[in-house]
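Residue numbers (this note's numbering), protein chains in the order written: chain A, 1 to 186; chain B, 1 to 112; chain C, 1 to 145. Structure first, commentary second.
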Amino acid sequence: MEIILSVILGFMIIGAIFALNAKDLLSALISCGVVGYGLVICFLLLKAPDLAIVQIVVETITLIIMVAVVLNSTREELKEKTQIKVNDISYINTRYIINIAVVLVFAVLLLYFFAQAIDILDPFGWHKTRMSTAYILDAAAKTGSANLVTGVVFDFRGYDTLGEATILFTAVIGILTILRIKSKKV
Amino acid sequence: MIVYVLCFILFLTGLYGVLTKRNIIKIVIGLSIMEFSLFLFLSLIGYINQGIAPIVVDGMEKARYVDPLPQAMVLTAIVIGLATNAMLLAIAIRIYRKYGTFDVRKINSLKG
Amino acid sequence: MKGMTSIVKTVTRIVVGVIFIYGIYIIVHGHLTPGGGFAGGAIISGALILLVLSFGSDILKLKGREEGSSITESIAILIFLVLAAAAFLLGTKIFFNNFLPKGKVGELISAGVIPLYNIAVGVEVAAAIFTIFLALIIYKEEVSK
Numbered sequence: 001m002e003i004i005l006s007v008i009l010g011f012m013i014i015g016a017i018f019a020l021n022a023k024d025l026l027s028a029l030i031s032c033g034v035v036g037y038g039l040v041i042c043f044l045l046l047k048a049p050d051l052a053i054v055q056i057v058v059e060t061i062t063l064i065i066m067v068a069v070v071l072n073s074t075r076e077e078l079k080e081k082t083q084i085k086v087n088d089i090s091y092i093n094t095r096y097i098i099n100i101a102v103v104l105v106f107a108v109l110l111l112y113f114f115a116q117a118i119d120i121l122d123p124f125g126w127h128k129t130r131m132s133t134a135y136i137l138d139a140a141a142k143t144g145s146a147n148l149v150t151g152v153v154f155d156f157r158g159y160d161t162l163g164e165a166t167i168l169f170t171a172v173i174g175i176l177t178i179l180r181i182k183s184k185k186v
Numbered sequence: 001m002i003v004y005v006l007c008f009i010l011f012l013t014g015l016y017g018v019l020t021k022r023n024i025i026k027i028v029i030g031l032s033i034m035e036f037s038l039f040l041f042l043s044l045i046g047y048i049n050q051g052i053a054p055i056v057v058d059g060m061e062k063a064r065y066v067d068p069l070p071q072a073m074v075l076t077a078i079v080i081g082l083a084t085n086a087m088l089l090a091i092a093i094r095i096y097r098k099y100g101t102f103d104v105r106k107i108n109s110l111k112g
Numbered sequence: 001m002k003g004m005t006s007i008v009k010t011v012t013r014i015v016v017g018v019i020f021i022y023g024i025y026i027i028v029h030g031h032l033t034p035g036g037g038f039a040g041g042a043i044i045s046g047a048l049i050l051l052v053l054s055f056g057s058d059i060l061k062l063k064g065r066e067e068g069s070s071i072t073e074s075i076a077i078l079i080f081l082v083l084a085a086a087a088f089l090l091g092t093k094i095f096f097n098n099f100l101p102k103g104k105v106g107e108l109i110s111a112g113v114i115p116l117y118n119i120a121v122g123v124e125v126a127a128a129i130f131t132i133f134l135a136l137i138i139y140k141e142e143v144s145k
């Protein structure tokens, strides 16, 4: 199980690195789709069918919208110079080095916290359900639904679902306001 | 344990994309990759060896179910990620209409 | 926005009804099989996006006003809030309670208020994603003309 997941994660990392360094914006978007669809296979292997259905449809819709936005605008990618020529003497671009240094500083900082978190977590596959035992034993009797995830989302943690519906509504209102779309009476 | 480390490397790749790229579409792609790594990490925590999907079927009351709580969290987070991406793309369309480019270093009409 | 070739239009006429019915099936059986409100809503919005992409934006002008999807989304989230507040007035004095009777586990009519929540959330997610698509792709062209 770990080997299959590691192979798929390896493909996702290669796709992500290519997506950020591509010279054409359309190729970058298709590589981003590779990462998203690899995630669907990972969800199916981890026995989570609800998440797989939602992720595959949302990823397709996101790709459609991003491709339409890119095709209506420019397709070129801006080049980053690594050496500047001033008066025929080539210096090394300092902005490039500062970028790499900032990313390395953040990586080391996050690695320290990640190492501390890994000590506390159980090994992969041996999860001790401390909090979920009460949910699993009572969910079918108290809520009456056979799907435990739906029972948790809509009954035990209903406020989270209310907040998420509000976020979707606010995003739609925000988009209509930013693009200044007025309704036309036909 | 190696799956956790690979998930962290995917997160760092997304962070590299957000911090260093100049094109606004590349920044949106980097943010999306960071969110994918977080969904995977939350789902990996709740997996039990030889567990089954959390659906109660008649006749199997005491089976070993995979943890349903992280799956409920990720279900909410996927839809929120879609809303965030859509708003960033709306801002990108406005920037392109006004300045004619996607470069974030050239949108500085308040200077000078 | 122009439509696509006639091959795409013929296949769309056959397939769009199947996708719509499949989305409704996943919403209504949300408490028995994997799925639920969010998955079904996204699938229904996929069917509507397919219709607009393959026939062009003329298919939207069949109705009088062009903002029907925005109104549908507002009504759906209002129904969600009314259901949550109805538990406050009838029965016990707790907000967001599951107050209808819960039948036997595994039947279609069971689990109290959860199927109604699924339907409200499904309609709201479908209308929201379709409104986002219309605002970013179709209205954008008509504003800049």
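Quick reminder that beta carbons are idealized off the backbone N, C-alpha and C, glycines included. Quick caveat, the model's predicted, so the values are computed rather than measured.
- With respect to residue 149 of chain A, residue 72 of chain B sits close: the two C-beta atoms are nearer than 8 Å.
- If you draw a straight line from the Cα of residue 44 of chain B to the Cα of residue 35 of chain A, it is about 17 Å long.
- Looking at the backbone, the Cα of residue 58 of chain C and that of residue 66 of chain A are separated by about 22 Å.
- With respect to residue 140 of chain A, residue 124 of chain C sits apart: the two C-beta atoms are not nearer than 8 Å.
- By the neighbour-count criterion, in which 16 or more other beta carbons inside 10 Å mark a residue as buried, residue 16 of chain B falls on the buried side.
- For residue 99 of chain A, the uninterrupted alpha helix (DSSP H) run begins and ends at 94 to 120, by DSSP.
- With contacts defined by Cβ atoms closer than 8 Å, residue 147 of chain A and residue 34 of chain C form a contacting pair.
- With 16 or more other Cβ atoms from the protein chains shown falling within 10 Å of its own Cβ, residue 69 of chain A counts as buried.
- As the crow flies, the alpha-carbon of residue 107 of chain B is around 7 Å from that of residue 99 of chain B.
- Assignment of residue 48 of chain B by DSSP, reduced to helix, strand and coil, places it in the strand class.
- Contact check between the region 104 to 122 of chain A and the region 28 to 38 of chain B: fewer than three CB pairs, one atom from each, fall below 8 Å, which does not count as touching.
- Taken through DSSP and simplified to helix, strand or coil, residue 108 of chain B comes out as coil.
- Across the region 75 to 106 of chain B, CB contacts with chain C closer than 7 Å involve 75, 79, 86, 89, 90 and 93, in sequence order along the chain.
- For chain B, the residues of the region 34 to 61 of chain A that bring a beta carbon within less than 8 Å of one of its beta carbons are 35, 36, 39, 42, 43, 46, 47, 48, 49, 50, 51, 54, 55, 58 and 61, in chain order.
- The beta-carbon of residue 55 of chain B is placed less than 8 Å from the nearest beta-carbon of chain C.
- Excluding its 5 nearest sequence neighbours in each direction, residue 78 of chain C has no C-beta neighbour in its own chain below 7 Å.
- In this structure, residue 3 of chain C lies near residue 56 of chain C, with their beta-carbon atoms less than 8 Å apart.
- In the DSSP assignment, residue 35 of chain A falls within the alpha helix (DSSP H) that extends over 25 to 45.
- For residue 51 of chain B, the closest alpha carbon among the candidates B/76, B/29, B/67 and B/89 is that of B/67.
- The CB of residue 49 of chain C comes closer than 8 Å to the CB of 61 and 64 in chain A, given here in chain order.
- In the three-state DSSP reduction, residue 36 of chain C falls in the coil class, being neither helix nor strand.
- Per DSSP, residue 73 of chain B is one residue of the alpha helix (DSSP H) stretching across 68 to 99.
- As the crow flies, the alpha-carbon of residue 20 of chain C is around 7 Å from that of residue 43 of chain C.
- Among the CB atoms of chain A, one or more fall inside 8 Å of the CB of residue 49 of chain B.
- Comparing C-alpha distances from residue 26 of chain A to each of A/174, A/144 and A/64 shows the shortest one belongs to A/64.
- Contact between residue 112 of chain C and residue 41 of chain C is ruled out by a C-beta separation of about 21 Å, above the 8 Å threshold.
- Under the DSSP definition of a beta bridge, residue 125 of chain A partners with B/48.
- Here residue 137 of chain A is exposed, its C-beta having fewer than 16 other C-beta atoms within 10 Å.
- Distance between residue 9 of chain A and residue 82 of chain C, taken at the CA atoms: about 44 Å.
- Residues of the region 3 to 17 of chain B with a C-beta atom less than 9 Å from some C-beta of chain A are 3, 4, 5, 6, 7, 8, 9, 10, 11, 12, 13, 14, 15, 16 and 17, listed in chain order.
- Straight-line measurement puts the Cα of residue 7 of chain C at about 43 Å from the Cα of residue 3 of chain A.
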